[in-house]
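4 protein chains.
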Amino acid sequence: MRTVETRLRVRYSETDRMGIVYHAHYISWFEIGRTEYCRAAGVPYRRLEDAGLLILVTAVECRYRRSARYDDEVRVATSLSELASRGLAFSYEVFDADGRRLADGATRHVFADSGGRPTRAPADVVDVLARFRATA
Amino acid sequence: MRTVETRLRVRYSETDRMGIVYHAHYISWFEIGRTEYCRAAGVPYRRLEDAGLLILVTAVECRYRRSARYDDEVRVATSLSELASRGLAFSYEVFDADGRRLADGATRHVFADSGGRPTRAPADVVDVLARFRATA
Amino acid sequence: MRTVETRLRVRYSETDRMGIVYHAHYISWFEIGRTEYCRAAGVPYRRLEDAGLLILVTAVECRYRRSARYDDEVRVATSLSELASRGLAFSYEVFDADGRRLADGATRHVFADSGGRPTRAPADVVDVLARFRATA
Amino acid sequence: MRTVETRLRVRYSETDRMGIVYHAHYISWFEIGRTEYCRAAGVPYRRLEDAGLLILVTAVECRYRRSARYDDEVRVATSLSELASRGLAFSYEVFDADGRRLADGATRHVFADSGGRPTRAPADVVDVLARFRATA
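Protein chains in written order, with my numbering: chain Z, 1 to 136; chain S, 1001 to 1136; chain D, 2001 to 2136; chain Y, 3001 to 3136.
As structure tokens, this is what we get:
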């Protein structure tokens, strides 16, 4: 199953008084990971959203293994773990520059129209994601 | 000139690796200060925005005097320093629980319609703000 | 089992381009919930941390049911779902002003010393939390 | 005077309910700009801080010209506008992908020791920055 990697550098604003990245920021990093996944698949999320297809978050989970610090380079590896016409799920692993896993997690989503009502994604969007996901 | 006070407690997520509040968060606190100013004046900002009147930020400035820390109680004192049909300006002072000034600053704004185009605020909105501002 | 309630008002900075609260901010709200839980129990988290006892986050999960919007008042209900000398777990429910559940979730934690190494919490801290938790 | 450029892509978490980047995030972008400036000059800020030299923010200002949106690529151009043994000042311009200026601003700083007390920066740090700054 395809994995898309995104590199980030830890911002000062992402640290907390423990000197490490505040845990909620990993959830934003997951969002960056799936943004880049969709772009790599050829369906940039902004284009979907501008066309009236929203991808709402219905659940998120994250397990923290090691800390990241200011100015560290981290790598988010994102894969599309589930895909259906009604919704999808992504899974994520975050690594430091030495390849040690800092965190892993998952998000679940439903498709919605611009009014926020659950909807089916257009078949071509699902097809493009399905093909991308299946290719190594 | 009227001042409206808002109390906040510093969130863990607002601290940085220096152990103090990350400086950009004061800019968000200013926004909370003007939200509460408008509410106290009888023109809740959300209601204005839902009615199609946006208040865009065109400039912000802040000077930092002392640090705030996790779980500190701080007080934001907000006043409406300029008011016209085209825009307005707020000024802010942030104090700790002992009344020491942590920071002060200002923001400038223009009124805009829901499409983001500069506009004049309705006369009654300006009037209400003007009366509120003049009363101690 | 005891629940501690905390009220928050949604900040403009917490909204995103969908017009709703960005999902990662619920994770920060959970942190506010447990800060207030510990304060209510008589062991303010800042005092613990200043005394060298850290409470590290090892896992977080959140399910999203309904959206919150700018200026909404929300209520975070926090309970201490697990407690041991090595760590603890909190669970959370977030409600809107009409009592509808917006989200619920949980966090898991280990105690650590000021160097970040896992440790046992002092018996008196565990005792105080245990007694508080058991009382309605 | 030397300018260092940093490219960023707007995160979903940085947008607000107006559909544009929340204004306080530009202040964090400035911080990313000066982080990259110091790295380019050969004195990575994290290394300075780990060696006990803090660079505290004493003032910030920003003027907003145009809006940025989710997934836009923006460019932060940072220059070191003042440099002395006691402190320094940076100025910033933020551009969109078409070279239009979105915002500009400045920050002022004092050097401090690890206890937060004002101090002089080591002569070699000032020298390195001065040489870098003078070279086109």
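Ideal Cβ placement from N, Cα and C applies to all residues, glycine included.
### Task
With DSSP collapsed to three states, give me the class of GLY1116 (chain S).
In this structure, GLY1116 (chain S) counts as coil in the three-state DSSP scheme.
### Residues, ordered as in the chain, of the segment 2010-2032 of chain D that lie near chain S by beta-carbon distance below 8 Å
Only those residues of the segment 2010-2032 of chain D whose C-beta falls short of 8 Å from the nearest C-beta of chain S are listed: ARG2011, TYR2012, SER2013, SER2028, GLU2031, ILE2032.
### Message
Can you check whether the C-beta of TYR64 (chain Z) is within less than 8 Å of a C-beta belonging to chain D?
### Response
Yes - at least one Cβ of chain D is within 8 Å of the one on TYR64 (chain Z).
### Message
Under 8 Å: do the segment 1097-1105 of chain S and the segment 1044-1053 of chain S share three or more Cβ pairs, one atom per stretch?
### Response
Touching, no.
### Task
Any chance you could list the alpha helix (DSSP H) runs of at least 4 consecutive residues sitting entirely within the segment 3029-3083 of chain Y, in chain order?
As far as the segment 3029-3083 of chain Y is concerned, its whole alpha helix (DSSP H) runs of at least 4 residues are 3045-3050.
### Task
Kindly say whether TYR3070 (chain Y), judged by its beta-carbon, lies nearer than 8 Å to any beta-carbon of chain D.
True, the Cβ-Cβ gap to chain D drops below 8 Å.
### Query
Relative to the alpha-carbon of PHE3111 (chain Y), which residue among Y:SER3091, Y:VAL3074, Y:GLU3082 has its alpha-carbon at the smallest distance?
Taking only the C-alpha atoms, the option nearest PHE3111 (chain Y) is Y:GLU3082.
### Backbone CA spacing between PHE2030 (chain D) and ASP113 (chain Z) [nearest angstrom]
The alpha-carbon separation between PHE2030 (chain D) and ASP113 (chain Z) amounts to approximately 29 Å.
### Message
Does any residue of chain Y have a CB that is nearer than 8 Å to the CB of THR213 (chain Z)?
### Response
Outside the displayed range of chain Z (1 to 136) lies residue 213 (chain Z), so it cannot be described from this structure.
### Message
Any beta carbon of chain Y sitting closer than 8 Å to that of VAL1074 (chain S)?
### Response
VAL1074 (chain S) does not count as touching chain Y.
### Message
Mapping the DSSP letters down to three states, classify ALA2121 (chain D) as helix, strand or coil.
### Response
Coil, per DSSP.
### Query
What distance in whole Å lies between the Cβ atoms of VAL2010 (chain D) and ALA2068 (chain D), which are believed to be in contact at a cut-off of 8 Å?
Taking the Cβ atoms as the reference, ALA2068 (chain D) lies roughly 5 Å from VAL2010 (chain D), within the contact range of under 8 Å.
### Query
With a cut-off of 8 Å, does the C-beta of ARG1108 (chain S) fall near any C-beta of chain D?
The beta-carbon of ARG1108 (chain S) is placed no less than 8 Å from the nearest beta-carbon of chain D.
### Query
Okay, do the segment 2012-2020 of chain D and the segment 3011-3019 of chain Y touch, 3+ Cβ pairs below 8 Å being the bar?
Three or more pairs of CB atoms, one per stretch, sit closer than 8 Å, so the segment 2012-2020 of chain D contacts the segment 3011-3019 of chain Y.
### Query
Exposed or buried, what is ALA3024 (chain Y) when buried is set at 16 or more other beta-carbons lying within 10 Å of its beta-carbon?
Buried, because 16 or more other Cβ atoms sit within 10 Å of the Cβ of ALA3024 (chain Y).
### Test: LEU102 (chain Z) CB closer than 8 Å to a CB of chain D
With 8 Å as the cut-off, LEU102 (chain Z) does not count as an interface residue toward chain D.
### Query
What are the start and end residues of the beta strand (DSSP E) that includes THR2092 (chain D)?
In the sequence under discussion, the amino acid at residue 2092 (chain D) is Tyr, which differs from the Thr named in the question. Note, TYR2092 (chain D): beta strand (DSSP E), 2087-2095.
#### Entry: Cα-Cα separation, VAL76 (chain Z) to GLY99 (chain Z)
One Cα belongs to VAL76 (chain Z), the other to GLY99 (chain Z), and the distance between them is close to 11 Å.
### Query
Should LEU3048 (chain Y) and ILE3032 (chain Y) be called a contact, given that it needs their Cβ atoms to be closer than 8 Å?
Between LEU3048 (chain Y) and ILE3032 (chain Y), the C-beta spacing is not below 8 Å.
### Message
So for ALA2024 (chain D), helix, strand or coil by DSSP?
### Response
ALA2024 (chain D): coil per DSSP, three-state reduction.
### Query
Which residues in the same chain as SER3091 (chain Y) place their Cβ atom closer than 6 Å to its Cβ, once the five residues preceding and following it in sequence are excluded?
Excluding sequence positions up to five before and after SER3091 (chain Y), its CB lies within less than 6 Å of the CB of SER3079, SER3081, ALA3106, all in the same chain and listed in chain order.
### Query
What are the start and end residues of the beta strand (DSSP E) that includes THR2006 (chain D)?
First-last of the beta strand (DSSP E) with THR2006 (chain D): 2004-2009.
### Minimum C-alpha distance to THR3119 (chain Y) - residue among Y:ALA3059, Y:GLU3005, Y:GLU3036, Y:ALA3084
Nearest C-alpha to THR3119 (chain Y): Y:ALA3084.
### Integer Cβ distance of TYR3064 (chain Y) from THR1006 (chain S), believed to fall under 8 Å
The pair is not a contact, with the Cβ atoms about 23 Å apart (cut-off 8 Å).
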